[in-house]
Structure formats: C-alpha cells, structure tokens
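Undergrad:
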Amino acid sequence: MNDSKKQNIEEVRLMKGNEAIAHAAVRCGCDGYFGYPITPQSEIMETLMELEPWNTTGMVVLQAESETSSINMVYGGAGCGKRTMTSSSSPGVSLMQEGISYIACAELPCLIVNVMRGGPGLGTIQPSQADYYQSVKGGGHGDYKLITLAPASVQEMADHTVLAFDLAFKYCTPALILADGVIGQMMEKVVLPPFQPRLTEEEIREKYPWATLGKPSSRKPNIITSLSLEAEEMETINLRLQRKYREIEKNEVLFEEFSCEDAEYLVVAFGTTARVCQKAVEMARAEGIKAGLLRPITLFPFPTIAISNYADKVKGMLTVEMSAGQMIDDVKLVVNGRVPVQFYGRMGGIVPSPDEVLKALKEKVVK
Amino acid sequence: MTTNEIISPENLVYTKTKVLNDTPMHYCPGCSHGVVHKLIAEIIEEMDFQDKTIGIAPVGCAVFAYKYLDIDWQQAAHGRAPALATAVKRLLPDRLVFTYQGDGDLAAIGTAETIHAANRGENIAIIFINNGIYGMTGGQMAPTTLLGMKSSTSPNGRTAPLNGNPLDITKLLAQLEGTCYVTRQSVHNVASVRKTKKAIRKAFENSMEGKGTSVVEVVSTCNSGWKLSPAASNDWMVENMFPAYPICDLKDL
C-alpha cells in the first residue's frame, strides 16, 4: 500500500458529532475557538483542548467565563478577519443572542454551533429541535438572519463546519450549525476534511480589507461597529443587510430528497428527525403508501421553491419536529393552503420513533 | 504683527498629535474624556504604535471614541470590551490592545468580563473612566455613585439599604493574580494630567512586555450629570470622590 492510499484510509474515523466539529475546525484553518462548557456539546472544547492546535496550526482555544463572553470574544476575533467560532447548547445560545445581533449588524463572519437540548428554561440535556424559531427568525434584537445549517450525520457535522466558515466569509455574516443532542453525541464513520492552512496576516489584509489588524499609514482607520444614530444611515445599513439575505436565499439553498419522485405524501423534517422520517417513509412504501421525504439542509435560506413545487404535486404534507411545531410555520407559508400540512412532534427531549411517524402520517395525512 | 506672521515654524511651541484627528468631540465642555483621549493618542504616537494598536470602545459617553483617534477600533456591546480585547490580543499577540470603558460599562454590566479578563492576566490595558454617574443616558446612578450622591435614579441621594453600596472595583482588580499594574489617577490639573499620561504609558508598555493586565482608573468629572460647572465639578471631585477613590498606585509589580 502506498503512502497516499494509507493516509486516505486513515482519514476515515469513528467519532462523535461533537468531536468531528472540533477536528474539522482545526483542519479548515480556524484561528480561534472561544466557548463555555454545556451538555450535550462539551466534547467540542474538550477535543480541541486535547488536540492542542496551538502547537500545530497556531489556533487559539480559550475557555471563557460565560457564553456572553465567548460570543464577544468571537466578535473581537472576527473583527480582525480571523476564522473564529464558538459552540454551545440551547440555554447558552440564548445568552449569546446579544452578541450575535451585534455580529450580524457589524457584518462579521463567524461560526456558532448550537447542539440543541430540550427547553424552555434549564430544560433537559436530552435532544430537541425547539430552537428553530430562535435560529431562523432572529433570536436577538433587530432585523437579521443567520445562515443556518442543519446536519443530520456526523459526516455533516464535519462538512458543515467547513461550509459554514466559507459561507460566513462569503457574505460577511454569522453562520450557525443547528444540530441536536443526538447528532452531537452519536458516533459514526466520518471522513475528515483535508488540512488547509490558516490565512497569513498578509492574506487577511488582502482578502478582508475591513479587518482591524492595526492601521498602516496607507489607509484610514478600520472601525467595527453596529452603531448609527442617524435614522437614515441605520436604514441604509438595514437595507444592505436585507439585500444580502435575499442573495443568500437565491444562492445557498441546500436540501435532500428521499423517495420523492412519485410521492403523493411529503414528509418534511431536518436533522435527527429526518433520519427517523427516512425510516418511516421506507416503512410506508413497504405498505404501498407513496411517501417521500424532503430534508432541508439549510434552514435559512429555507428550501421554499422545492417545497412549493411539491405543494402542486402531493396530496398532503407532514412536518415532523422535536418541538411543538416551529418549522411547520415556514412550510405552511410556502404551501399557502394548497394542500393540508399536518404536524407530528415530541418535546422535552423525546426522539420520535419511525412507528410513531408512520402512524401520524396515516392518521393525519393519508387518512 | 499680523496673525499670519505669527504662524511660522519658529514660533511653534505645541502641536497636536497626528493620532488625534480633527473631528469635533461630542463631549460636554469640562468633561475628562477629551483629555484622556489626547493622552492616549500622544502615547501611541510616542511609542510609534499607530499601526499596531487596536482600541476597544465601550457603550456610554465614549462609545464614539473611535471617531477621534486614528487607529483601528472595535466597538463592543455594553460591558463586553474586555472579552473582545482578550480575543484580539490572543490572536494578534504583537499588537497593543486596550479597552476604554466607563464605570457603568466596566463595573456594572461588564463586571464578569472585566474580572475574568484581568484574572486571566490578559496582556491588555484597561482605561477606566470613573465619574460616578451614567453620562450618556442622562445621569442615572452608577455602581460607583457615592453614598448620598444624587442621580436621576437616586434623586434623594444614594443610600446603601435602597441602592446598595458603591463598588470599588479597582481595589478588587488589584487583588487578582492576573493584574500587574493597577493605579488610580485623575486629570483635573496639569500635574495630574502628567501623572496619568505616565500611568497609561506604563500600562501600554506592560501589555507589550506580556506582564499581564494593567488597569488605569481615571477619577473623572461629569459636570452635566453632576449639574455643576466644570470648575465646580473639579472641586467637588477633589472633596468627595477622592476620599472614596484615593489617587494612588494600588499595585505595581
């Protein structure tokens, strides 16, 4: 076996979703991770601390005193044009909302990972998807959006880490990986992304001329701020943000379809729930029910056109979520009454079973 | 002699540092902010650090500090400046990174960020303007408002049972392992301005030498918030603020 083959084989690893994010971050040239422990995502920082990337790539890893501090450290690093990230779980991400709003307005690229657990309040450490609203409808104050990726496998935890950074820097806006406790904790095979070096300071100065790296005499000061007291100026900033979000909606939608070609009934689900629903769709097909699954991979931008097309083809839809029903609002907005859109969900950390989903499909949609 | 004849190089006795630009400051006449801004600008020029400095502006009256000093700036959310500074300095260790914060920003909403950055010994300088009142929002009670002092949210004077005690956060910061230099200064007369300049310079040099966190508190006036003339504010500060916040080095390693 030659060396390159051997190396490639070694790249297939068995690990947790949380660990995959840590490895992928180091490999994709991340400059800094700032976080605060919270279950079920603490393995991200634990893995980074074990990897000691400051000795290899020079990446900074720091445990902050709170999620509030972590997200503001991310702001500081992102303002320097560095690839910075943080991770947390639902209650911690609530604490970060102030900082996320500032980062969005200051148009800084960064990565935020939310490995969701059940809420509200301190809730449970079991998996949930009840932070959908918070993730795609704003979360913090003001009109802003986060590019929101919803991984459904350990492989996607790694892939989305790279993708999220790329999209964040492409649009100068924060990107969010919205996973849940199942994806964070389960172990699967994963092919880690190839190593890419961190950008040099010269490269950052060239690619991101807005970065605060120190003002050479050749340019004016760079100022990272989200403040504009003049209403006209603040509206201009808002209009620019909205134009950016429309561009993202036009260019960056990702989704996956399963058994959809001849489907009469469409199940819509993301993340862990989509995996459960895939099994339910297989079971439905075995019983002769023509069901299909559409899995949004990007929650913002939402796959509106794809779902809208199915609204003209299918007899009904079922949205399945680990929440009281949040994404269903967006599905209904797209469908706009053309076919019935029903909901099945579990809360408080319960993962629905394929049997439950199939039963709901038959009772609520197929009838 | 005409004005134009007077304006000649041989008559030049003072020139403004180029790091301070010509934007008119929004600060009230008599406010201490302008003096401290100028000192920071002069020190950056004297250290030849204009291209190596990143300032972190607060929320409060100094939110627009970035308009006046020609260096790169980041403007933080209220109280979060030390968190931003932590990341900037760790990612750019050879840069001079300082925060500029008021008492509400540093000692109320940002207490956790301040204490933990200082306790980690981040190699940053914290410039702390303490005038015992919230200036920007219109004169509300600050964590450092003195007992008996009136503000719009303690209109009959601060009392400990109703409003809690004033917080001497600088004393607290001096106790932490991570701080190397903690000092309290003022800018109400020429001698104090000169001493404050030396203190800020030392704080900046400490940061570059990797000694840990330096904190320079500047006990300041807020004549509009205190409802006093600039001159009367200075007198009131000497008489009332200095006994509670004595001018001295609290720590110098």
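From first to last, the protein sequence lines are chains Z and G. Residue numbers for the first sequence follow the numbering used here, beginning at 1 and rising by one. Residue numbers for the second sequence follow the numbering used here, beginning at 1 and rising by one. Every residue, glycine too, gets a C-beta built ideally from N, C-alpha and C. Quick caveat, the model's predicted, so the values are computed rather than measured.
#1: As a quick exercise: from Z:273, Z:158, Z:64, pick the residue whose alpha carbon is nearest that of residue 27 of chain Z.
#2: What does residue 73 of chain G pair with, by DSSP beta-bridge criteria?
#3: Does any heavy atom of the ligand GTP sit closer than 6 Å to the C-beta of residue 319 of chain Z?
#4: I need the boundaries of the beta strand (DSSP E) containing residue 312 of chain Z, first residue and last residue.
#5: Alpha carbon to alpha carbon, how far is residue 225 of chain Z from residue 378 of chain Z? Give it in angstroms, no decimals.
#6: Once the 5 residues before and after residue 134 of chain Z are set aside, which same chain residues still bring their CB inside 6 Å of it?
#7: Name the one or two DSSP bridge partners that residue 8 of chain G has.
#8: With distances taken from CA atoms, which of G:217, G:206, G:156 is nearest residue 253 of chain G?
#9: On the three-pair Cβ rule with 8 Å, is the region 52–60 of chain G touching the region 103–120 of chain G?
#10: Would you say residue 103 of chain G reaches chain Z, if we count a Cβ-Cβ gap shorter than 7 Å as a contact?
#11: Assess contact between the region 87–101 of chain G and the region 158–166 of chain G, defined as three or more Cβ pairs (one per stretch) separated by less than 8 Å. Is contact present?
#12: Would you please verify whether the beta carbon of residue 69 of chain Z is less than 7 Å from any beta carbon of chain G?
#13: Using C-beta distances below 6 Å, list every residue in its chain close to residue 173 of chain G, excluding the 5 sequence neighbours before and after it, in chain order.
#14: Per DSSP, residue 344 of chain Z is paired with what?
#15: Applying the 10 Å Cβ sphere with the 16-neighbour rule, what's the burial state of residue 19 of chain Z?
#16: Count Cβ pairs between the region 26–42 of chain Z and the region 185–195 of chain Z that sit closer than 8 Å; are there 3 or more?
#17: Give me the Cβ distance between residue 211 of chain Z and residue 81 of chain Z, rounded to the nearest whole Å; I'm assuming they're in contact under 8 Å.
#18: Can you tell me which of the three DSSP states residue 146 of chain Z falls into?
#19: At the level of alpha carbons, what is the spacing between residue 307 of chain Z and residue 11 of chain Z?
#20: How big is the Cα-Cα spacing for residue 201 of chain G and residue 98 of chain Z?
#21: Which residues bound the beta strand (DSSP E) around residue 249 of chain G?
#22: Can you tell which of Z:220, Z:65, Z:253 has the C-alpha that lies nearest to the C-alpha of residue 149 of chain Z?
#23: Exposed or buried, what is residue 13 of chain G when buried is set at 16 or more other beta-carbons lying within 10 Å of its beta-carbon?
#24: Does any residue of chain Z have a CB that is nearer than 7 Å to the CB of residue 126 of chain G?
#25: DSSP three-state call for residue 127 of chain Z: helix, strand or coil?
#26: Along the region 15–35 of chain Z, where does the CB come closer than 9 Å to a CB of chain G? Name the residues.
#27: Any Cβ of chain Z within less than 7 Å of the Cβ of residue 27 of chain G?
#28: Report yes or no: is there a C-beta of chain G within less than 7 Å of the C-beta of residue 367 of chain Z?
#29: In this structure, does DSSP put residue 155 of chain Z in helix, strand or coil?
#30: Quick one: what's residue 86 of chain Z bridged to in DSSP?
#31: What are the residues in the region 50–74 of chain G lying within 7 Å of chain Z by C-beta distance?
#32: Roughly how many whole angstroms lie between the Cα atoms of residue 125 of chain Z and residue 15 of chain Z?
TA: The structure says:
#1: Z:158
#2: Bridge partners of residue 73 of chain G: Z:223, G:55.
#3: Ligands displayed in this structure: none; no statement on the ligand GTP is therefore possible.
#4: Unbroken run through residue 312 of chain Z: none, as it is neither H nor E.
#5: Past the edges of chain Z, shown from 1 to 367, lies residue 378 of chain Z, and the structure says nothing about it.
#6: none
#7: Answer is none; residue 8 of chain G lacks a bridge partner.
#8: G:206
#9: As far as the Cβ criterion goes, the region 52–60 of chain G touches the region 103–120 of chain G, which means the pair count is three or higher.
#10: No, no contact with chain Z.
#11: no
#12: yes
#13: 118, 179, 182, 215
#14: Z:320
#15: buried
#16: yes
#17: So it is a contact: roughly 3 Å between Cβ atoms.
#18: Residue 146 of chain Z falls in the coil class under three-state DSSP.
#19: 36 Å
#20: 33 Å
#21: 248–252
#22: Z:253
#23: exposed
#24: no
#25: strand
#26: 31, 32, 34
#27: Not an interface residue.
#28: Contact of residue 367 of chain Z with chain G is not assigned, every C-beta pair being separated by 7 Å or more.
#29: helix
#30: Z:112
#31: 50, 51, 52, 53, 54, 63, 66, 70, 71, 72, 73, 74
#32: CA-CA distance, residue 125 of chain Z to residue 15 of chain Z, rounds to 20 Å.
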